[in-house]
Amino acid sequence: MPMSSPVRRPAGRVLSCLAAAAVLAGSAAGAGPADARNLKELRGKLDAEHKKLGSASGALIVDLTNGRTLFSRRADKVLSPASNEKLFTTAAALLQFGADGTLKTDARIGADSTVEDGVLDGDLYLVGAGDPSLNDVALKALARTIVTKGKVTSIKGGIVGDETIFDTRRGGPDSGFAPDDDLGGQLGGLTWGHGRASPGGPATVAATRLEFFLKQLKVKVRKAPRAGDVDKAPGGPGSTLGTAVSPPMSVLAATTNQPSDNFYAEMLLKGLGAHHGSAGTTAAGVKVAGAQLKTLGVQPKIVDGSGLSRKDKASPRQIVTFLKAMRESAVSEEFIGSLAVPGRIGTLAGRMRGTAADGRCQAKTGTLRGVSALSGYCRTVTDRIVAFSFLENNMDALSAKAVEDRMVPAIVSYKP
């Protein structure tokens, strides 16, 4: 039986292809009967381990099968969740957009522009929707559509990248995110290649890539790529010549959570503000996410989408309450399938290999300097579903993770 089957609610949706990669046979690895622990033994083991984490830590473990608390220590202590914040961001995105929801980047012309005999007598606008996944595959296909369906062979203007669906803040001060060539480029309403911004900014870079693929198809483009606004085109926005559609939100959530991608998380949060709130800003996205989380019974302090801000705050009880609600939600399979798996997938691929937890849990890691976090779901050796949250602040993150990696297998070995 797939690992996620007992974790999800009884009636659920089919997992996306990427999320389905996290569905593992729970019986393929794990503790044998001799390793099973009763509740007293489990609490003794967890108590001994958790004491090593200091007073700036909290933990809560709940058997979702019957609601019984298996272990609790400082469960209401509000702490930095680090990248456990991404749980909230991706859940809000899945619930607001829907698991099958997509982001559409349009190629448009101005209302006063025309295409006659293959010649576009103005600019071609690449209008961003905040898609963090926009890449060469998508732009190459879009270029082909512009040529085959739009019948364009020559452009008298240029390719104009429109990123105005978002504000121009690339990270701070309202987010802990800072552009980094290795960890994530600049945020923007139109980005290519994980936010690459040189030369000319993310919108110009994306426009340049589309121009490249159009020229490969022998389309002549007179003017250089630049950033602009389709609303300011002659006559305003006109017809659409083609659309690049993102993967479904279930895949975007998995691409955010499994590798803990900060760029994706921040883009999704701004996207919540742009498509379901008042503006394409981090602050507007926070309001949308916060309102969604309130319907799930929790109100953590959200500042950004990735958890990079030290101002993000949550307690283990809030996270476990949230996890329980998400398991019962309409997007339970996609949400749970977006998480990393010990010994197998994502940020947990190298952790807990060969232990009882190998292949039997799906969880989100979190790491900042002096902070470690791990929250998610496990299926025990007796097929009970357990939700847990461990948050540790003010201690060495690697040392905290070593303790987490001993506590989680103990949870899996629980036998009531």
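Here the sequence shown stands for residues -36 to -1, 1 to 380, where the numbers follow mature numbering (1 follows the signal peptide of the UniProt record, and there is no 0). Heads up, the beta-carbon is just placed ideally off N, CA and C, and yes, glycines get one too.
Here the alpha carbons of SER270 and ALA56 stand approximately 13 Å from one another. In this structure, ALA248 keeps its C-beta atom at 8 Å or more from the C-beta atom of THR53.
In the DSSP assignment, GLY330 falls within the beta strand (DSSP E) that extends over 325 to 332. Of the candidates PRO198, ARG108, LEU24, the residue whose Cα lies closest to the Cα of ALA75 is PRO198.
Non-local C-beta neighbours of LYS187 in its own chain, meaning closer than 7 Å and more than five positions away in sequence, comprise GLY121, GLY122, ordered along the chain. Between ALA46 and ALA337, the C-beta spacing is below 8 Å. Of PRO380, ALA243, ASP100, LEU362, the smallest CA-CA separation from GLY334 is found for LEU362. Under the three-state reduction of DSSP output, PHE35 falls in the strand class.
Here the alpha carbon of ARG274 sits roughly 42 Å from the alpha carbon of ALA107.
The DSSP-derived three-state label of ARG317 is coil.
Under the rule that a run must span 4 or more residues, the alpha helix (DSSP H) segments found entirely inside the segment 218 to 296 read 226 to 240, 246 to 259, 280 to 291. The three-state reading of DSSP puts PHE354 in strand, counting E and B together. Residue nearest to LEU205 within the set ASN358, ARG324, PRO143, THR109 is THR109 (criterion: CA-CA distance).
CA-to-CA, the gap between GLY86 and SER77 works out to about 6 Å. The C-alpha of ILE349 is placed about 6 Å away from the C-alpha of CYS342. With respect to the C-alpha of GLU297, the residue from LYS16, ALA63, LEU28 having the closest C-alpha is ALA63. The DSSP assignment places 100 to 112 as complete runs of the alpha helix (DSSP H) inside the segment 60 to 140, in order along the chain (cut-off: 4 residues).
Around LYS184, the same chain offers THR117, SER118, ILE119 as residues with beta carbons nearer than 8 Å, after the five sequence neighbours per side are excluded. The C-alpha of ARG190 is placed about 7 Å away from the C-alpha of ALA171. Under a 10 Å Cβ-count criterion, GLU127 is classified as buried, with 16 or more other Cβ atoms of the shown protein chains found around its own Cβ. Rounded to whole angstroms, GLY241 and GLU356 show a C-alpha spacing of 33 Å. Annotation: the continuous alpha helix (DSSP H) that includes ALA170 extends over 166 to 180. Residue range 201 to 209 is occupied by the beta strand (DSSP E) that includes PRO201.
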